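Read through the structure below, which is laid out as structure tokens, and then see the notes.
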Amino acid sequence: MDLTQLWMDLEYSALGDYIATSNWTFPIIESIHVIALVLVVGTIAVMDLRLLGWASRERPITLMSRETLKLTWGAFAVALVTGLLMFVSKASTYAVNPYFQWKLVLIALAGANMAWFHFSTWKTVTVWDRADTIPTRVKLAGGLSLIFWIGVVFLGRIIGFTLDFYLPY
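Read in order, the letters of the sequence shown are residues 120 to 288 in the working numbering.
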């Protein structure tokens with residue numbers, strides 16, 4: 120089965136049709152998605168600004184991480200589920216939208232950056248957790264993360280305005 124057929128099958132499924140044709144379902148899902156994304160990006164931005172040394176310098180990074188990590192992951196799960204539900208409503212149209220495709224790329228890059236940070240840089244956190252000087256690699260991870268997530272938000276806003284520009288047929 121090619122992907123185009125898969126997207127069409129999703130879009131014309133009972134769930135896809137219900138979300139697309141209901142007066143309230145899509146707006147409710149989208150509102151929940153936006154709230155979840157605000158929580159994800161907000162908690163990540165607080166950490167990134169600390170990693171860059173631009174905010175909360177008096178607070179240990181390990182403490183901030185403990186305070187925000189559960190909320191970040193919980194909100195990310197909600198954003199993922201609601202994002203998938205919105206995708207199902209017009210799967211074939213979203214799939215060909217370059218802004219949607221780039222949004223997925225930026226989310227993947229943010230995830231790769233996070234993995235690199237946690238599996239390499241975070242191992243030495245006890246050395247720089249309360250230090251006056253933050254290592255360059257820590258600042259790089261925070262800066263890239265901030266750029267990626269700002270890009271995700273920017274592209275997410277553009278998607279809704281460009282769905283009719285990129286049609287699958």
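The beta carbon of each residue, even a glycine, is placed where N, CA and C say it ideally should be.
It should be emphasised that the depicted structure is a prediction, and the values quoted were computed from it without experimental measurement.
Candidates the options, of which the one nearest residue i by Cα
| i | options | result |
| --- | --- | --- |
| G202 | I226, L182, S184 | I226 |
| Y213 | I277, W143, W192, T144 | I277 |
| Y285 | F238, V224, Y218, L263 | Y218 |
| H152 | N142, G261, L199, T123 | L199 |
| A250 | S175, A196, I148, E149 | S175 |
| T187 | M166, R178, V207 | M166 |
| K258 | Y137, W241, V197 | W241 |
| V272 | F236, M205, L223, W235 | L223 |
| W221 | L274, I148, L171, R256 | L274 |
| G279 | F236, A229, E149, W143 | E149 |
| G172 | R256, P287, T252, I269 | T252 |
| G270 | H237, P287, A229, W235 | A229 |
| V197 | F238, I147, A234 | I147 |
Beta-carbon contacts of residue i that lie in its chain and below 7 Å, excluding the five residues immediately before and after
| i | result |
| --- | --- |
| V244 | I180, T181 |
| T191 | V159, T162, I163 |
| N232 | A260, L263, S264, F267 |
| L282 | K209, T212, N216 |
| P254 | W247 |
6 Å Cβ shell around residue i - same chain, five flanking residues per side excluded
| i | result |
| --- | --- |
| A194 | A155, L158, V159 |
| A139 | S208 |
| D248 | P179, I180, T181 |
| F236 | A260 |
| L168 | A174 |
| L170 | V257, G261 |
Neighbourhood of residue i by C-beta, 8 Å cutoff - its chain only, sequence neighbours within 5 removed
| i | result |
| --- | --- |
| L122 | A214 |
Whole-Å CB distance - residue i paired with residue j, under 8 Å assumed
| i | j | result |
| --- | --- | --- |
| L134 | V207 | 6 Å |
| F145 | M205 | 7 Å |
Within-8 Å CB hit, residue i to chain C
| i | result |
| --- | --- |
| A250 | The structure shown contains no chain C; it holds only a single protein chain. |
Query raised in the report: Hey, which unbroken runs of the alpha helix (DSSP H) at 4 residues or more fall wholly within the region 212-257?
Result: For the region 212-257, the continuous alpha helix (DSSP H) assignments of 4+ residues that do not extend past its boundaries occur at 217-238, 244-247, in sequence order.
Requested in this report: Please determine if the region 124-134 and the region 204-211 are in contact, where contact requires at least 3 C-beta pairs separated by less than 8 Å.
Outcome: Yes, the region 124-134 touches the region 204-211.
Query raised in the report: What runs of the alpha helix (DSSP H), each 4 residues or longer, lie entirely inside the region 139-178?
Result: Listed in chain order, they are 144-171.
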